[in-house]
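Participant: The structure is given below, and queries will be raised subsequently.
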Amino acid sequence: MTPRKQISVRSRNNTVNLNESTTESFFSSLSSQAPPNEKTNNRTIAAQDLKLRKLDSQIKLDEAIESFLLTFPEKPMHASIESFMSSKIVSGNVIFWHEIASIQKLYSPKLDVAVSHNDTIVGFAFSHRGLLKIPIAAQHFSYNEDIDSKIVNPKSSLILFPLHDSHDNIIGVVEIQKKFTDPTITENDEKIANEFMKKFKVFSHFLMHTPAPTKSIVELMNLFEIGQFLIMFQKKMNVIFNCRVAEIWRTDKKTSISTRYINHAETIKIGDEGIIGHVSKKMQMFNCSSNKMLSSYFEPTDGEEDAALLAYPIYDRQLDSIFTIVLRGMPKKMFTTQDENILAQTAPFILTSFKNSIKFSEAIAKNEQIKTLSDLTTVLPEFGQRMKAEDIVNKSMSILETITAADRGTFYITDHKAETITSIYAKNVKDPITQRFNKGISGGVVRSADVHNTADAYEDVRFDSTTDLITGYKTKSLLTVPIVDATGMVVSIVQLLNKQDWNPFNQLDIDSSRLCGTICSCLINNAVINGRLSRLTRRTTTFFSMIPDLLNPAPDFRKTLQNLLPSIREIVKVEKIVIFVADHASNLLVPRLWDGPIDKPDAITLSSGIAASCAESNKSFFVNDITKDGRVDHTVDNNYQNICIAPLLALQDPNKHFSSSLQMKSPRGSPRVNSDSKSNDGLSRCIGVIELLDKTKGGFEDNDLMFVQCISTIFSLFFDNYKLQSVIQQGKSLWKLDQLISPAYRKKTILPPKLELPPEILNNIETLQFFSYDLMVNDGDYKFIFYIFNKFKLLETFKIDNLTLFNAIYAAKHSYKDNYYHNWMHAIDMAQLLMFEIEKGNLTTVFHPTEILALFISVIFSYSYDDGTSNSFQINSETPLGTLIGNLPLTVSHCSSAIRILSKPKCNIFSNLDSYDVKQIWKTIITLMMEIITDDVSDMIKECQKIMKTSTIDLNNRGTRQTLMIMLIKCADMAPFCRPFGINLKWQPLIMNSMFYLGDKETENGLGFSNRHNSRDHHIKALAMIEMMDKSAYPAFEALVGLRKELGILFDMTKENFQKWKDRRK
């Protein structure tokens, strides 16, 4: 007889057994019941049949669900539920969403997506807490197009229901998307969902039990040295939690000092603990989906990666320390409630093993370090003993293998030019092993200079198994230690394979490898250096014997240097030698001196090729095969076979000169910004390169390179000295001039290439969305003024060459003081708004070019030599300037500065105008500048109103034109008030600090505050801005629009900002 199928499901107090016999007996009892009488009608029979079918269906459903629940632990929860529901309900897709209560999110491992409780259809289903049917997803009020459209089809029908545990807590939500071809949600679908919810809740106590990873815990509980433990800890945590990195933190409560353990111990500064500092104070399980969203996030400690974080702190009373196990997640992954439970179970065991490892490491270190040091010193040669480098390495590595219990060892030396490592010792390997820097663990260690210790090499994606395949050897544990010289460069690699106790290598093995490798490298290097020095001495003696000729005064130092080139060619045995000088403004290296069978060389680019690489890196090198070097650009490097090259470097770095030349305060209390900063420090310091081309015999060697470096130092000295003499004669502006304007462009009136504005700046340059401080880098201020002069054709019209305009701008810029508000960047801001006014107001056809030129000169010098005070302060405090000039002393000072600078021959942009035009321009400039900082605008507004009362505004009238020009420049002075509110906010702290500065000066001189907001104690930001706008900006822009309606946008923006400041005041 065929055995009956039986299902046994255990609950807390009883066992329910369902089998086929039970089902048959039940149906037999129903069928055996005799009807009340023989004339039962057909309707009664049909009802009984329907009842029987429903009962049969219910029993089969119960059997299917109970069978599933028995096999539930075989797969992850989400995969089990999704698979079961897909088999029972006709669906297009099934998604299970884990409830992670600690972070108030629902997470789908299948989609790798998390949603909030208060967002999306899934979030609504969580709050609904019951079965939810949605005929069309996109029409449901909780549908979030940005999120839900990526999860389900907007036109599909959905069934969603929560799963509860035995305490009625929601542990997840099931989301079923019906097929688009069969969207109907049937009664059977609802029945299956409801039954599943009920059964899951009944048996959740057993289903939700999270088994501890016993096997991993047992392996971690072995006795390890601390380095070995940390390797095993990383490996096991990755297996259990699929985390990116695992950490153990110890925070000493007495000292508040934290130590982090990843691959080694790292002390964290107090205050730099980041998120874990916050966790250790809360002393509870901590789970977050995005570390960067936390206020305690600290990038140097918490890392650049935006990822989930799970941490569990435990207090150790005996050590009075808080130990925290920290798991940092993979990108876009989250830790679930199940992960929290597992971590809580395993943490005590992990920390016990961790503390045992520390104690064990301390115990063995005391004894073994002394023995190791004694063994390694036996490789050192004794007095009078000569040892070959090969013998030293063989003996040292043999001892190291014994000390560390390694089965094999390898010693590599590095070749940074060829970017390869080559073994000079490899036990039981016949031929040397060679690897490139970008291949294998050894090659990677050369680049990172970090120790690499792995318990299983084949689990590391960087491991190169080529040598194993050739030799038949199987690498398991692997230790790779870089040996670094005094310059910080990796010169050799020590690698140990397969520790004989099958554990990972420990810290003592690392220290022994580093000591052994350092001894070998030093002894090898000494032998190599002795050989090189003897050859280099012979060469340099010959060259330096010619140096006295350079010290003699000569009218043409280039000719003196030229006479040295044949001797250099003979010493190094090369065909050709070329010295290039850098022209940074044209981005070229220009040939200055050359010798050999060569015509005048072409200038070469600073953007690509061998010479460009040398100039950018400021490093000397040689290339013996240009066909195999990645730095070669064959459009440039095409007339030689090999090359040895060195940079000529300025002894005075131009950037250091610029950094002390002009500094200005930045908004919002930011650090001071150097307005003359250069982005490429290395390239700006390079003044040229020296090339030795085509070695007559063989290739270039290190001796050749060292000799060329000596030559480049001498030549750099003389070229740099020549440049300094030029600076003394022509002024400091020559440093900046050489970077921006090539000699070929200095006497031209067309825009030099280096002074073109970049596209990202051009986007805002002609709009109100302009912030002048954005131009403080990469010489944006120079480029902007050249842009204005080019846009309005002022260079061409007045025959102003680039050199003269540059000198004028440079002098104007350096005449400004380090004020908070009335500084050089305020002048740039004024110039931009003036450009906007002229362009938007269609005034290029109204004003004569001389008037446009006068307007821009006025704003460029508007606050030249301004000391941050005011005219009234100068008079009332009886400063020398106020006493000398009397009325408007600062304004007169600004005018005097403009006259003094532009009268210098090298800055005189009016030199090609006739005397009448020059007089008219100066009259206009002085008239405009005298009006810029008058405290009261009411007189000019009255003048505007008088003009507006006439039937037409006649701009051919000289007085009307002058009034319009004054209003344009006055409004330009108030540019921040008519810009978008975000820009206006950036200017506010500068305006405020300028008021405080004036207030402090007034207090020092016993004067009352000229404005109540000059007082630090009584300043109210919003109210100060409102009063300034109400008194000056609002009426000024309103009057300007009255004269030129096309500029209405300026008044509209001012009015909008005025209202926003009022709203802030409320």
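Its first residue numbered 1, the sequence shown is counted upward by one per residue in full-length UniProt numbering.
In this text, a Cβ means the ideal position worked out from N, Cα and C, and glycines have one as well.
Nothing here was measured: the structure is a model prediction, and the numbers come from that model.
(1) Three or more C-beta pairs closer than 8 Å, one from the segment 1053-1063 and one from the segment 1025-1045: is that the case here?
(2) Helix, strand or coil: how does DSSP classify I89 here?
(3) Helix, strand or coil, according to DSSP, for S903 in the structure here?
(4) Assuming C944 and G1042 form a contact by the criterion Cβ under 8 Å, report the distance between their Cβ atoms to the nearest whole angstrom.
(5) Taking the continuous beta strand (DSSP E) assigned at D316, which residues delimit it?
(6) Note down, in chain order, each residue of its chain lying with its Cβ closer than 7 Å to the Cβ of N807, except the 5 sequence neighbours on either side.
(7) Where are the alpha helix (DSSP H) runs, 4 residues long or more, that stay fully inside the segment 787-862, in chain order?
(8) Any idea what DSSP makes of P504, helix, strand or coil?
(9) Reducing DSSP to helix, strand and coil, say where N238 ends up.
(10) State the start and end residues of the unbroken beta strand (DSSP E) segment that holds D595.
(11) Locate the alpha helix (DSSP H) running through P647, then write down its first and last residues.
(12) In this structure, how does DSSP classify L888 when only helix, strand and coil are distinguished?
(13) Leaving out five residues before and five after T267 in sequence, what residues of the same chain have Cβ atoms less than 6 Å from its Cβ?
(14) Applying the 10 Å Cβ sphere with the 16-neighbour rule, what's the burial state of D1063?
(15) For a minimum of 3 consecutive residues, which ranges assigned as the beta strand (DSSP E) are wholly contained in the segment 911-962?
(16) Report back the beta-carbon spacing between I947 and T927 to the nearest angstrom; my notes put them in contact at under 8 Å.
(17) So which of E851, I932, L853, D914 has the shortest CA-CA distance to P889?
(18) Can you tell me which residues form a DSSP beta bridge with E691?
(19) Can you grab the Cα-Cα spacing for the pair K179 / G130, in whole Å?
(20) Is DSSP giving G172 helix, strand or coil here?
(21) Should S396 and C520 be called a contact, given that it needs their Cβ atoms to be closer than 7 Å?
(22) Given that a residue counts as buried once 16 or more other Cβ atoms are within 10 Å of its Cβ, and exposed if not, what is Y458?
(23) To the nearest angstrom, how far is it from the Cα of A812 to the Cα of V491?
(24) Out of L833, T767, Y865, Y787, point me to the one whose CA is closest to H814's CA.
(25) Rounding to the nearest angstrom, what Cα-Cα distance links K942 and I147 in this structure?
(26) Are S607 and A646 touching if we call contact CB-CB under 7 Å?
(27) Who are the Cβ neighbours of K75 in its own chain at under 6 Å, not counting the five residues just before and after it?
(28) Considering only C-alpha positions, which residue in the set L964, K573, F861, L649 is nearest to S617?
(29) Considering Cα atoms alone, identify which of P348, P980, R244 is closest to P331.
(30) When we look at the beta-carbon of D339 and count the other beta-carbons within 10 Å, is it buried (16 or more) or exposed?
(31) Quick one: using the 10 Å Cβ neighbour count with 16 as the cut-off for buried, is P504 buried or exposed?
(32) Once DSSP output is grouped into helix, strand and coil, what is the label at N631?
(33) Would you kindly check if the distance between the Cβ of R631 and the Cβ of I598 is under 7 Å?
(34) Roughly how many angstroms lie between the CA atoms of D460 and R328, to the nearest whole one?
(35) Quick one: grab the DSSP three-state call for F224.
(36) Using alpha carbons as the reference points, say which of I342, N341, V173, I350 lies closest to Y261.
Facilitator: Here's the rundown:
(1) Yes: at least three Cβ pairs fall under 8 Å.
(2) coil
(3) coil
(4) 6 Å
(5) 307-316
(6) S733, K906, C907
(7) Listed in chain order, the complete alpha helix (DSSP H) runs (minimum 4 residues) inside the segment 787-862 are 794-797, 802-813, 824-840, 849-860.
(8) coil
(9) helix
(10) Start and end: 588-595.
(11) Not the alpha helix (DSSP H): P647 falls in the beta strand (DSSP E), residues 643-649.
(12) coil
(13) T259
(14) exposed
(15) none
(16) Not confirmed; about 17 Å, so no contact.
(17) I932
(18) DSSP, once it has assigned bridges, lists V578, I645 as partnering E691.
(19) 22 Å
(20) strand
(21) yes
(22) Around the beta carbon of Y458, a 10 Å sphere encloses fewer than 16 other beta carbons of the protein chains shown; the residue is thus reported as exposed.
(23) 53 Å
(24) Y865
(25) 60 Å
(26) no
(27) none
(28) L649
(29) R244
(30) buried
(31) buried
(32) Note on identity: in this sequence residue 631 is Arg, with Asn being the wrong assignment. In this structure, R631 counts as coil in the three-state DSSP scheme.
(33) Not a contact, by the Cβ cut-off of 7 Å.
(34) Taking the straight line from one Cα to the other gives about 19 Å.
(35) coil
(36) Residue I350 holds the alpha-carbon nearest to the alpha-carbon of Y261 among I342, N341, V173, I350.
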